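*Asks:* With UniProt numbering, the residue at position 30 of the sequence shown is 30, and numbering never jumps. Here a beta-carbon is modelled for each residue, glycine too, at the ideal position from N, C-alpha and C. The structure presented is a predicted model; accordingly, all values stated were derived computationally and were not measured.
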Amino acid sequence: MMLVLVALLVWGAAWWLNTRLAEGPQAETRSVQLAVPLIFGATILIVWELVVRGLEVPLVILPAPSLIAARFAGSLPILWADFVQTFVKGALSGYLIGCGAAFLMAVAVDRSEFLRLGLLPVGNFVAALPIVGTAPILVMWFGFDWQSKAAVVVVMVFFPMLVNTVAGLRETTSMQRDLMETYAASYWQSFFKLRLPAAMPFIFNGLKISTTLALIGAIVAEFFGSPTLGMGFRISTSVGQLALDMVWAEIVVAALAGTLFYGLVALIEHHVTFWHPSQRR
Numbered sequence: 001m002m003l004v005l006v007a008l009l010v011w012g013a014a015w016w017l018n019t020r021l022a023e024g025p026q027a028e029t030r031s032v033q034l035a036v037p038l039i040f041g042a043t044i045l046i047v048w049e050l051v052v053r054g055l056e057v058p059l060v061i062l063p064a065p066s067l068i069a070a071r072f073a074g075s076l077p078i079l080w081a082d083f084v085q086t087f088v089k090g091a092l093s094g095y096l097i098g099c100g101a102a103f104l105m106a107v108a109v110d111r112s113e114f115l116r117l118g119l120l121p122v123g124n125f126v127a128a129l130p131i132v133g134t135a136p137i138l139v140m141w142f143g144f145d146w147q148s149k150a151a152v153v154v155v156m157v158f159f160p161m162l163v164n165t166v167a168g169l170r171e172t173t174s175m176q177r178d179l180m181e182t183y184a185a186s187y188w189q190s191f192f193k194l195r196l197p198a199a200m201p202f203i204f205n206g207l208k209i210s211t212t213l214a215l216i217g218a219i220v221a222e223f224f225g226s227p228t229l230g231m232g233f234r235i236s237t238s239v240g241q242l243a244l245d246m247v248w249a250e251i252v253v254a255a256l257a258g259t260l261f262y263g264l265v266a267l268i269e270h271h272v273t274f275w276h277p278s279q280r281r
């Protein structure tokens, strides 16, 4: 119980420190904005370690962070191979294909009232289908390798990206469009000079949503069939072997990959849409 009491003291001290930083006069500085989440995350790991060891929680229920870190360090070749199979081959390829196809389709939908009225309702229906229902079908269609995982990702990211892009392309006002017509601008001149820049915040919103959907789709699809590698495969087999430290190591890899992927898209958005109010500090 001594470790549990120490954990409570650590939590209280970290809470007090973070409150002082977040509510202090320097709260808006970059250093404080970075320090607060880092302190909070480190506190969770320390409290987790102390509570698990203090209460002697079994490994099969919840391993300590130190055990997860040891398994992570000792399984780097396996984790790297799983990362390449799931993220690079499955999630990233499906993300690029799905988002690219959705953007092109959004341009076609923007130019065709028939497609807008006919395709978007179907898209909302397909987007609502559960992945556990569509993934086994796509695995049967495209095989057990990464191609079927990429197909699942394409289905998951296509319609969120399509809906956001179509909404962005219709964001401009009638006065702005009339002004472009007054300048005798063609459709494509108006598209590249006015409508596409105005749609960029919506497009990046779809891209950011799709980053998480892509990784989730690739991992879940591997539960229904994959070669002997991949994050989903490793999680599934490790749970059956009660190797929960390996499961958590894969979760750490997935969390890091998803966070960096989202952060990269957000960084590109910041530089592309620097003029938008959401990017101003």
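#1: Would you mind reading off the limits of the alpha helix (DSSP H) that contains Ser-236?
#2: I believe Phe-202 touches Ala-167 by the beta-carbon criterion, under 8 angstroms. Please report the beta-carbon distance rounded to the nearest angstrom.
#3: In chain order, which continuous runs of the alpha helix (DSSP H) of length 4 or greater are located wholly inside the segment 80 to 146?
#4: Which term fits Gly-98, buried or exposed, when burial requires 16 or more other beta carbons within 10 angstroms of its beta carbon?
#5: Less than 7 angstroms between the CB of Ala-249 and some heavy atom of the ligand MG, yes or no?
#6: Here's the rule I'm using: 16 or more other beta-carbon atoms within 10 Å means buried, otherwise exposed. How should Val-109 be labelled?
#7: Quick check: what's the CA-CA separation for Leu-264 versus Glu-49?
#8: I'd like to check one pair, Val-153 with Gly-217: are the Cβ atoms closer than 8 angstroms?
#9: If Leu-213 sits next to Pro-160, beta carbons under 8 angstroms apart, how far is it from one beta carbon to the other, in whole angstroms?
#10: Whole angstroms is fine: what's the gap from Leu-117's alpha carbon to Arg-111's?
#11: Are the Cβ atoms of Asp-245 and Leu-76 separated by less than 8 angstroms?
#12: Grouping DSSP H, G and I as helix and E and B as strand, with all else coil, what is Pro-37?
#13: With three or more C-beta pairs closer than 8 angstroms as the rule, is the segment 83 to 99 touching the segment 218 to 238?
#14: Quick check: what's the CA-CA separation for Gly-133 versus Ala-198?
#15: State the Cα-Cα distance for the pair Ser-148 and Ala-243, rounded to the nearest angstrom.
#16: Taking all protein chains shown into account, do 16 or more other C-beta atoms lie within 10 angstroms of the C-beta of Tyr-95, making it buried, or fewer, making it exposed?
#17: What would DSSP say about Glu-171, mapped onto helix, strand or coil?
#18: For Phe-191 and Leu-115, I'd like the C-alpha separation in whole angstroms.
#19: Output the boundary residues of the alpha helix (DSSP H) element that contains Arg-195.
#20: How would you call Glu-222, buried or exposed, if buried means at least 16 neighbouring beta carbons within 10 angstroms?
#21: Quick one: grab the DSSP three-state call for Ile-68.
*Replies:* So, from the listed chains and residues:
#1: Along the sequence shown, one-based indexing puts residue 236 at 236. It spans 231 to 240 - the alpha helix (DSSP H) in which Ser-236 sits, taken as one unbroken run.
#2: Here residue 202 is taken as the residue at index 202 of the sequence shown, counted from 1. Here residue 167 is taken as the residue at index 167 of the sequence shown, counted from 1. Sure, about 5 angstroms apart at Cβ, within 8 angstroms.
#3: 93 to 111, 113 to 127, 131 to 142
#4: What you label residue 98 is simply residue 98 of the sequence shown in a count that begins at 1. Buried: at least 16 other Cβ atoms inside 10 Å.
#5: Questions concerning the ligand MG fall outside what the structure shown contains, since it holds no ligand whatsoever.
#6: Sequence index remark: in the sequence shown, residue 109 carries index 109 (1-based). Burial call: buried.
#7: Reading the sequence shown from its first residue, position 264 is the one you call residue 264. Reading the sequence shown from its first residue, position 49 is the one you call residue 49. Cα-Cα distance, rounded: 31 angstroms.
#8: Locating residue 217 in the sequence shown gives position 217, where the first residue counts as 1. Locating residue 153 in the sequence shown gives position 153, where the first residue counts as 1. Yes, they are a contact pair.
#9: Within the sequence shown, the letter at position 213 stands for residue 213. Within the sequence shown, the letter at position 160 stands for residue 160. Right, the Cβ-Cβ distance comes to about 7 angstroms (below 8 angstroms), so this counts as a contact.
#10: Within the sequence shown, residue 117 is the residue found at index 117, counting from 1. Within the sequence shown, residue 111 is the residue found at index 111, counting from 1. Distance between the alpha carbons of Leu-117 and Arg-111 is about 12 angstroms.
#11: Against the sequence shown, residue 245 aligns to sequence position 245. Against the sequence shown, residue 76 aligns to sequence position 76. The answer is no: Cβ separation not under 8 angstroms.
#12: What you label residue 37 is simply residue 37 of the sequence shown in a count that begins at 1. It is helical.
#13: yes
#14: As a working note, residue 133 is residue 133 in the sequence shown. As a working note, residue 198 is residue 198 in the sequence shown. Those two C-alpha atoms are separated by around 36 angstroms.
#15: To locate residue 148, count along the sequence shown from 1; it is residue 148. To locate residue 243, count along the sequence shown from 1; it is residue 243. Each residue's alpha carbon lies about 27 angstroms from the other.
#16: As a first step, residue 95 must be located in the sequence shown, where it is residue number 95. With 16 or more Cβ atoms within 10 Å of its Cβ, Tyr-95 is classed as buried.
#17: Position 171 of the sequence shown, counted from the start, is the residue given in the question as residue 171. Glu-171: coil per DSSP, three-state reduction.
#18: Against the sequence shown, residue 191 aligns to sequence position 191. Against the sequence shown, residue 115 aligns to sequence position 115. Rounded to whole angstroms, Phe-191 to Leu-115 spans 18 angstroms at the Cα level.
#19: Taking the first residue of the sequence shown as position 1, residue 195 is located at position 195. Premise fails: Arg-195 is in no alpha helix (DSSP H) and is neither H nor E.
#20: As a position in the sequence shown, residue 222 is number 222, starting the count at 1. With 16 or more other Cβ atoms within 10 Å, it is buried.
#21: Numbered from 1 along the sequence shown, position 68 holds the residue referred to as residue 68. Correct three-state label for Ile-68: helix.
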